[in-house]
Amino acid sequence: MNILNKIQQEKNNHRIISGMMRLTGKGHDEAMNFLDHAYGKGVIWFDHADIYGNGDCERTFGTWLKSRNIQRNNLIIQSKCGIRPGVCYDNSQSYILKSVDDILSRLGCDYLDVFLIHRPDALWEPEEISSAFDKLYDSGKVRTFGVSNFNPVQIEYLQKHTSHKISFNQMQLSLAFAPMISEGLETNTYSQNGLSRAMGILDYCRLHNITIQTWSPLQFGTFNGSFIDNPNYGQLNTKLWEIAQRNNVSKTAIAAAWNLRIDKDVQVISGTTNPEHLDDFLQAPNITLTREEWYSLYTAAGYSLP
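Positions in the sequence shown are counted from 1; adding 2 to them yields the working numbering.
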């Protein structure tokens, strides 16, 4: 089976990705126990980035992988590079190639199933990225490529210069952070929510069969905190609780299901290292919100329908 087809098939079966950003905040035993729990619950897709814990998250994951003797081909491991914290964004070929080598070394792996460019670089040269992709693919170090936080024009520009399909785009999306939804629903209005901040990325990805992996699915703002049980989101929490009760699940599960309901190809990156919270996320793919439920949550979050 073609590796991209395999990953696409696994994506359909595993719509919840376990994000590793917070793994560095755990002690060794707690981190190992969480990863054991996730894998035991059927999670096989793990999201990394070279900057998470300054590489410590990947090192911890690599320690777990080696100590548990898990077959590499039973997992889908993805990572990202391009952010040099406090310095710049760097999508140069030399930086990409070195970063992937360092990522693989920390993970103790020979290859990544998915590699993503973490952020757009204002000084990027897509020919350099294309050359890096070629070398990574030909060497067997990366099997599938994508981006993170890219708008449609940026993806189009990169795709023009590479023969490797851009298959994934990570974007922030939650009930309390949904500009990619509101800009479409409030097109041609004076509403602030109708301003084009995402530049039509949702429909662009639908059109080009690019999977959107949604990060911070419970956050309002950018890393401002969770809207779950937040008194500033009272109406939303009331509606979440009402629908959760009907489905005998948690509010977190309903919030994640809201993201998944947007498109059959959407994935959710859980981002938690709490086993109970992960279990809540894993309930989401079994929930199909009705159209009325989905819109009632959207408006309870403070968005309007013109």
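Cβ coordinates follow ideal geometry from the N, Cα and C atoms, glycine included.
In the displayed model, residue 282 falls within a helix according to three-state DSSP. Classified as exposed, residue 29 has fewer than 16 neighbouring CB atoms from the shown chains inside 10 Å of its CB. Spatial neighbours of residue 208 in its own chain (CB-CB distance under 7 Å, excluding positions within 5 residues in sequence) are listed in chain order as 265. For the pair residue 51 and residue 20, the CB atoms are not nearer than the 8 Å cut-off.
Within the same chain, and ignoring the five residues on either side of residue 308 in sequence, the residues whose Cβ sits closer than 6 Å to its Cβ are 188, 191. According to the DSSP secondary-structure assignment, residue 179 is paired through a beta bridge with 176. Per the C-alpha coordinates, the member of 276, 262, 292 positioned closest to residue 177 is 262. Segment contact: the region 89 to 104 against the region 135 to 144, three or more CB-CB distances shorter than 8 Å; contact assigned. With fewer than 16 other beta carbons inside 10 angstroms of its own, residue 223 counts as exposed.
Taking a C-beta distance under 8 Å as the contact criterion, residue 62 and residue 114 do not qualify as a contact pair. A Cβ-Cβ contact shorter than 8 Å links residue 283 with residue 18. DSSP lists no bridge partner for residue 157. The beta carbons of residue 170 and residue 131 sit no closer together than 8 Å. Straight-line spacing of the CA atoms in residue 267 and residue 69 works out to 33 Å.
Judged by DSSP secondary structure, residue 49 falls within the beta strand (DSSP E) whose first and last residues are 47 to 49.
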